[in-house]
Amino acid sequence: MKLFDLRGGVHPEGRKDLSAECPIRSVPLPKTLYVPLQQHIGAPAAPVVQVGDHVLKGQLLAHAQGAVSAPVHAPTSGVITALGDHAAPHPSGLPVPTFTLESDGEDKWIATETLDDPFTLSPEDIAARVAAAGIVGLGGATFPSALKLNLSRGVRTLIVNGGECEPYLTCDDRIMRERAVQIVEGIRLIAYAVAAQEVLVGIEDNKPEAIAAMQAAARGSAVQVIAMPSMYPMGSEKQIVQVLTGKEIPAGGRPADIGVLVHNVATAYAVQQAIRYGRPLISRIVTLSGGALKTPCNVETLVGTPVEELIAVAGGYAQPAARMVLGGPMMGQQFANTGVPVMKGTSGVLALTSKEIGQAEPSPCIRCSTCVRACPVGLLPLEMAAHIRASDLTGAVDLGLKDCIACGSCSYVCPAHIPLVHFFNYAKGDLAAQERAKLKQEATKKLAEARTERIARIERERAEAMAKRKAAREAKERAAKEAAAQAAKEAA
Amino acid sequence: MNPIAHSPHAHAPISIGKVMGTVLLALTPATLFGFWLYGWPAVNLWAVSLIAAIVGEAVVLRLQDRAVKPALMDGSGILTAWLLALSLPPYAPWWIAVLGSLFAVIIGKQIFGGLGQNVFNPAMAARVMLLISFPLEMTTWVAPLQSPGLLDSLRITFMSQPIDGMASASLLGHVKTEFTRGIGLEQALIGHYVPMDMLWGSRVGSLGETTAVLLLLGGLFLIAKRIFTWHAPVAMLIGVAVPALVFNMIDGNHYAGPMVHLLSGGLMLAAFFIVTDPVTSPNTALGQFIFGLGCGLLTWIIRTWGGYPEGVAFAVLLMNAATPIIDQYVKPRIYGRDRKGAALPANKG
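And the structure:
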C-alpha cells in the first residue's frame, strides 16, 4: 500500500530495547487501590456506591454523567473505605475525588455475560456496551470510546493506531505480539459498529514482531496491517491519518469530517474484552522503564494500583531517578508522588536519569529554524514563542497556536534548549482562562441587564398598580361625592 | 523536590555551543589553507581578531551586568570574529582586525541585545564598515605564497610595514580597473584567471575566501550534519551564476562568465558560511531560498555595475534588511488549513 509523506517529525532515541523483549507480567494484587472519578476527558463520573459497601470486581462504582463522560468500575473485589481526596497522577499532585478500595484478596468478579458470537449484536448495542464498560482511548487521549463510535457511524476508513512512536513505551508492542487475535476481533467489532468499508492498522516498522503477529491474526479478514516508517509523532492522530490516507483532518475538526475513525490497538483489545466477555475496563498494560529502574518491563496492572507498587515490580531503582514521568518522554507528565494511582490512560511509568533527560539551561534563540523543520503541523515555533514571551497571545494564535498538537518535536530538537511546548501550553491555558473570563463577564452582564430590566418592570408594574388603585379610589370618592350630592339633592 | 518540568523529557544531543563548534570545525580546513597561503601575517590577523572579539564582548557583557561566561562559551562571538578575519586582506594591519572585531560583536550584535537579536550579519556589517572607512587598507592585496618570516610578519601586522613589493590585485578589482582603461574582459583575464588555481585557492584575495574547494567541502559537511539546509547556499550560487551566464552569452567581452564569478571574491565563503547565518536569514526553506537568490543576484549586480569590484557583503546586508519581510510573507502551510489559513473543507468520501 502506498504511504503518504508527512511534514517534519523527529527521530528521538527509541530506548524501547529496555523493555521490548519483556513479556507482559502480572502484578501482585495491591492491598489498597485508588480509583479516581475522572480518568477521561469530560465530566467526572458520579458515585453510585457508598463508603463501607462491599463491591465485586467489575462492579460499577460511578456512572457517566453529562454528554462526554465514562463510568468507573471496581478493579477488584473489596470494601470501599473512603471517597475523598487523593493525589492525582498529574504534575500538580493536587488531590482529586477518588475511591479508596481495600482489596479482600479474593479478586471475585461480578456475574459477566460471555457471547459466543458478538457479531449478532446491533451496532448500537455494541456502542452501548462499550460505553457501559467505561472504555476510553488508551493511547493517552482518554476520550470516551463509545462517543467516537456514535459520532463516526458510516465512516469510510477505520484506522487502528499501533504506531507507538513515543520512545521507551512498549505496551502496545507487547499487546500486539501477545494478544493479536483478541485485538483483531476488537478491530472487527469496531469496524462492524461503525460500518467502516476499509480497516487499516498502522504499526511503525521498528516493531517487526508485532507486525508479523498482527498480520497473522488478520489473515483472511478485511483488516490490513501496514508497516509505517518509524518517526515521531507517527502515532499522533493527525499524522497517522495523513500517512495512511493522504488526507488531513480539517483545522478544528474531527477525523469523521474526512470519513475516518481512529482507535488505539489497546482500545480495540478493551472493546473485545468488553463485548465478548462483558468485562469493563479495569486493567491495562503499562510499560515500566527508564535508566533509573533496575529491571524495566511491561505489566498488566489494575487501574488504581499505586505507582510505587509497580516500581517494586520493576525491581526498584538502580539509581536515583532525576525525573519520574507518566506516559512517554515526549508528551508524558512529570509527577513527584509515587503514591498516585495508575489510570486508564497511563501507558508508561518512567524513571529517568539526568543523562536521559538531557536538560540544560535555555540560551537565546538563534533563529536556526530547526523547530520549523521539525514541526509536523507546519507551525513556526520560534515565532510563536517570541509572541507569547511578549504576552501577545493574539499574535501567537494568528501564527497557529491552536493548531499545535504539543508533540514536543520542536523542544526536542531546539539547540538552545528553549522549552517551546511549555510556552505553547502556557499560552493555551491562558487563552482558555481568558475565554472563560469572557464568558463569565458576558453571563454577568446578561444577569445585570436582566436585573435592571426586572427592577424597571417591577417599578413600572407598581406604578401602574398604584395608578390603578388611585384611579379606583378617586372613582369611589367621586361616586361617594356624587351619591352624597344626589342624596343632598333628594333631601332638598 | 525538583521544580516541575514540562514535556518533552528527552532532548536531542545538541546545544548552541555544539552548533557553533561544528561550524568552526568546518571552517578550519579553509582557514589552515589560508595560513599556508599567506603565511604568518594571516595567523597574526586571525589571532588578533579572535582576541579582540572575546575581550570586547566580555567587557560589554560586564557593562550590561550580564553573565559573561555563558555568552562567551556559546562560541558565537568567536565565529563572528573568525569569519571577519577570513574576509580581511591577509596583510591588513592589526588595528583593522581589532576595530572590525569590536564593531562586529558590540555594534553588530550586543547593541541589538546579544545573540539572536541582531538584524545584520555582524561579520559583514564590520567588513562593510571597514571597507567604507579604510578603503586603502581593505583593498591592499598580496600575491599568495610569499612566505614572509615570523619577524617580517610581525612587522607587517603590527607595524604596518609597507608591502609594496608584494602588492597585487584581486581578479575582480583588476577586471574593473582594466575596464576603466578600455581593455576588454578577454584580454584582462589572461594570466589572472587560471581556473584550477581559482578552484584550489591559490589566488589573490582575502585570508580565507580563496579556496573554493575547501569552503565547498566545509559547507557540504555542515549540510550533512544538518546545521543548515542547501536552500540558501545553492540559491546564492544560482543567483550569481544564472545572470552571469546569460550576460556572458550576450557580450562575452564585457560580462564575465559564471565560473569567473563563482570562483572569485568572497562568494564561496558567503554562500556557505554567511548567508547560512540563522539569526539574520529567514526561517523557512522557501524564505531561505529567496534570501540566497537575492544575495546572489545583488552580488552579481554590484560586481557588474556597482562602484565596488566586490559586492558580497553589501548584498548580504541588503538581504538581511529584507529578511523580516520575507518571513512575513513566506510561511509554511499549516496542517488542516489551506495556504490562506482557512480550515480545509470536510470530505467524508
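From first to last, the protein sequence lines are chains P and E. With this note's numbering applied, the first sequence corresponds to residues 85 to 576, in that order. With this note's numbering applied, the second sequence corresponds to residues 71 to 419, in that order. Note that CB positions come from ideal geometry on N, CA and C, so glycine has one too.
query: Spatial distance of E/Met71 from P/Gly177 (CA atoms); result: Residue placement at E/Met71 is poorly supported in this model, since its pLDDT is 43, which falls under 50; the coordinates still yield a value, given next. Going from the Cα of E/Met71 to the Cα of P/Gly177 covers about 12 Å.
query: Top-ranked residue by Cα proximity to E/Trp300, from E/Gly309, E/Met199, E/Pro313, E/Phe359; result: E/Phe359
query: Cβ separation of P/Arg240 and P/Pro207, assumed to be a contact under 8 Å, to the nearest whole Å; result: Not really, about 16 Å apart at Cβ, beyond 8 Å.
query: Test: P/Cys249 CB closer than 9 Å to a CB of chain E; result: no
query: Expected contact under 8 Å - CB spacing of E/Ala326 and E/Val274 to nearest Å; result: With 8 Å as the limit, E/Ala326 and E/Val274 do not qualify as a contact, their Cβ atoms being about 16 Å apart.
query: C-beta neighbour in chain P for E/Gly364, strict 9 Å; result: no
query: For P/Arg338, the three-state DSSP class (helix, strand or coil); result: coil
query: Helix, strand or coil at P/Cys455 according to DSSP, with G and I counted as helix; result: helix
query: Contacts of P/Tyr496 in chain E (Cβ-Cβ under 7 Å); result: Pro78, Ala80, His81, Ala82
query: Within chain E, the residues that P/Lys322 reaches when beta carbons sit closer than 9 Å; result: Tyr405, Gly406
query: Partners in chain P for E/Gly184, counting only beta-carbon separations shorter than 7 Å; result: Pro448
query: E/Ile148: contacting residues in chain P (beta-carbon distance under 9 Å); result: Chain P residues near E/Ile148: none, gap ~14 Å exceeds 9 Å.
query: Beta-carbon separation (whole angstroms), P/Pro446 vs P/Cys455, contact threshold 8 Å; result: About 13 Å separates the two Cβ atoms, so there is no contact after all.
query: Neighbour flag for P/Asp341 against chain E, beta carbons, 9 Å; result: yes
query: is_contact[P/Val34, chain E] using C-beta, thresh 9 Å; result: The structure shown does not extend to residue 34 of chain P, since chain P is modelled only from 85 to 576, so the question has no answer here.
query: 9 Å Cβ cutoff, E/Leu131 in contact with chain P; result: no
query: Nearest-angstrom Cα separation, counted from E/Ile148 out to E/Thr374; result: 33 Å
query: Under 8 Å from the C-beta of P/Gly442: neighbouring residues of chain E; result: Ala80, His81, Ala82, Pro83
query: Delimiting residues of the alpha helix (DSSP H) encompassing E/Pro265; result: 265-270
query: Integer-rounded CB distance, given that P/Ile164 should sit under 8 Å from P/Val133; result: 6 Å
query: Cβ-Cβ distance between P/Leu253 and P/Gly412 below 9 Å; result: yes
query: Min CB distance P/Asn348 to chain E below 9 Å; result: no
query: Cβ contact (3+ pairs, closer than 8 Å) linking the region 469-478 of chain P and the region 298-310 of chain P; result: no
query: Buried or exposed by the 16-neighbour rule on C-beta atoms within 10 Å, applied to P/Gln570; result: exposed
query: Chain E within 9 Å of P/Met427, Cβ atoms only; result: no
query: C-alpha distance - P/Cys459 paired with P/Gly388, whole-angstrom precision; result: 36 Å
query: Per-residue burial, P/Ala148 [other beta carbons within 10 Å of its own, 16 or more giving buried]; result: buried
query: P/Asn234: first and last residue of the uninterrupted alpha helix (DSSP H) it sits in; result: 229-235
query: Nonlocal neighbours in the same chain, by C-beta distance under 7 Å from P/Arg213, ignoring five residues either side; result: Ala358, Ile359
query: is_contact[P/His506, chain E] using C-beta, thresh 9 Å; result: yes
query: Reduced DSSP category for P/Pro131 - H, G, I as helix; E, B as strand; rest coil; result: strand
query: For E/Thr209, the three-state DSSP class (helix, strand or coil); result: coil
query: Sheet register partners of P/His347 (DSSP bridge); result: P/Val244
query: Touching by the beta-carbon criterion (3+ pairs, under 8 Å), the region 254-265 of chain E and the region 343-352 of chain E; result: no
query: Below-9 Å beta-carbon distance, P/Met53 vs any chain E residue; result: The first residue shown for chain P is 85 and the last is 576, placing residue 53 of chain P beyond what the model contains.
query: Within 9 Å, strictly: CB atoms of E/Ala75 and E/Leu115; result: no
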